[in-house]
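Residue numbering for the sequence shown follows full-length UniProt numbering, starting at 1 and increasing by one per position. Remarks on the structure that follows.
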Amino acid sequence: MQATPQRQQLFVASCLALLVTSLSFGIRAGILSRLGVEFELNAAQLGTIAATAFWGFPLAVVIGGFVVDIIGMKRLLIVAFLFHLAGIALTIFAGGYWTLFISTLCVGIANGTVEAACNPLVATIYADNKTTKLNHFHLWFPGGIVIGTLLVYFLDKAGIGWQIQVGLMLIPTILYGYLFSKLSFPVTERVASGVSTGEMYKSLFNPLFIFMIILMFGTAITELFTGQWIDVLLKNVSDNAILLLTIETGIMVLGRAFAEPVVHRFSPAGVLLISAILSAAGLYLMGHTTGNMLFVGAIVFGMGVCYFWPTMLGFVSENLPKTGAVGLNLMGGAGMFAVSVYMIFMSGYYDNLLAAKLPAGASLAEYSNAPAGTDMANALGEAKKLAGPEILNATLVIPIILSVAFAGLLIYMRNKNKGNSTVVNVG
């Protein structure tokens, strides 16, 4: 298939759009606990606000997947641009729980719309090298989280407020909106290759696709829940909890940048198996160690999750191409939906853990509002030090299950490919 002559410009603009998506995750992760203090929100409310981005995302990515072939990728990205502008502005002027909820929902819808258009766009303009280029595209997700968390860290040190930190996202937003408005877009790969809409929907019931959707639940939760909550969970275990996220995501940037030799050496299924094993090891270290070993855990965990999201999409695009844009976007939507449900459940579980570790009959709300340095505040700090790693240990079960599942997938794909090569040789 012939690539559009504006391929490189489209790819750069796509990366800028994804940068805004990831900055929203990185900056929100950095300011989440501060929003809780400023607006007097408990962990369950913070979890619901953070989760809103995750269920706004699947809502947009799934709807976008169904309409992208009808309205075109360009119009979809204009919608993303408008929702990003609205979400960022509403966050800056937030006055409490509901304004934060609505603004995060807008950003989540924008983020999902970006992926609904850009994943099939990248797969279309790089049809000859999908998994590698999807990894290169998705390196801007951890890349933006690194930039976002570092911005929060250094601007906090300089005494610059969170509203300005959020406002910085307007710069790449305006840039990507301008670039996309000037470029022409190809039709999606599925349309260009002549696969009918009916054939595309029929292919969604392929057992391998359904299996990959289920595994996407686990890979997304492992990567995104841990990243979004690491500051809350480990703040009382480490003085530099947000830097753990920066290290983890920095490793992800490097891994995705050099994805090509890794993917070609181990195959997508092999990469996913190695990723699951390393993710489990990293989570175990972060949940069972303190001090410098926490940073070792963050490095191992970053090596594990770095290939999950783009390689899952690349696997489906390469092995189930008839699923088209809908297949890619159902994968993304499934992942984000799973994270939103898991985050709401675990934030409530976290509050229950804290309450159980306080003196009998103690009110969690009362302890949360206690002045710093008091016995009540110190008791809450000790409870958090114990509860955070317990959440990580509960999540550890997921990559362990994934390791078994991906081992099965690797064996299945090797047998399938061996059978295909035998048929070719006989012929």
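Cβ atoms here follow ideal geometry from the backbone N, Cα and C, with glycine treated the same way.
Residue i, enclosing alpha helix (DSSP H) - first and last residue
| i | result |
| --- | --- |
| residue 367 | 364 to 368 |
| residue 76 | 73 to 92 |
| residue 191 | 189 to 192 |
| residue 123 | 97 to 125 |
| residue 289 | Segment: none, residue 289 is in no alpha helix (DSSP H) and carries neither H nor E. |
| residue 21 | 7 to 38 |
| residue 132 | 130 to 138 |
| residue 202 | 197 to 203 |
| residue 352 | 324 to 357 |
| residue 164 | 162 to 167 |
Check whether residue i and residue j have beta carbons under 8 Å apart
| i | j | result |
| --- | --- | --- |
| residue 308 | residue 223 | yes |
| residue 209 | residue 76 | no |
| residue 119 | residue 332 | yes |
| residue 50 | residue 34 | no |
| residue 61 | residue 115 | yes |
| residue 109 | residue 194 | no |
| residue 191 | residue 117 | no |
| residue 437 | residue 368 | The shown model of the chain, from 1 to 427, leaves out residue 437, and the question about it has no answer. |
| residue 335 | residue 217 | yes |
| residue 339 | residue 220 | yes |
Residue i beta carbon near the ligand ADP (any heavy atom closer than 7 Å)
| i | result |
| --- | --- |
| residue 369 | With respect to the ligand ADP, the structure offers nothing, as it holds no ligand at all. |
Coarse secondary structure for residue i, derived from DSSP in three states
| i | result |
| --- | --- |
| residue 259 | helix |
| residue 389 | helix |
| residue 52 | helix |
| residue 211 | helix |
| residue 246 | helix |
| residue 414 | helix |
| residue 407 | helix |
| residue 276 | helix |
| residue 226 | helix |
| residue 307 | coil |
| residue 181 | helix |
| residue 149 | helix |
| residue 361 | coil |
| residue 173 | helix |
| residue 142 | helix |
| residue 378 | helix |
| residue 241 | helix |
| residue 428 | This structure cannot settle anything about residue 428, because the visible part of the chain is limited to 1 through 427. |
| residue 396 | coil |
| residue 41 | coil |
Option nearest residue i by Cα separation, candidates the options
| i | options | result |
| --- | --- | --- |
| residue 215 | 143, 319, 375, 403 | 403 |
| residue 317 | 155, 399, 203 | 203 |
| residue 31 | 7, 83, 100 | 100 |
Any contact between the segment 19 to 26 and the segment 149 to 169? By contact I mean 3 or more CB pairs, one from each, below 8 Å.
Contact holds: three or more Cβ-Cβ distances are below 8 Å.
Taking three-plus beta-carbon pairs below 8 Å as touching, is the segment 300 to 307 in contact with the segment 341 to 354?
Contact annotation: the segment 300 to 307 does not touch the segment 341 to 354, with fewer than three C-beta pairs closer than 8 Å.
Evaluate the contact criterion for the segment 138 to 155 versus the segment 262 to 271: three or more CB pairs, one atom per stretch, below 8 Å.
Counting Cβ pairs under 8 Å, fewer than three are found: no touch.
If we count Cβ pairs, one from each stretch, closer than 8 Å, do we get three or more for the segment 383 to 395 versus the segment 356 to 363?
They touch, by the three-pair rule.
Can we say the segment 388 to 400 touches the segment 283 to 290, given the rule of at least three CB pairs closer than 8 Å?
Because the criterion of three Cβ pairs below 8 Å is met, the segment 388 to 400 and the segment 283 to 290 touch.
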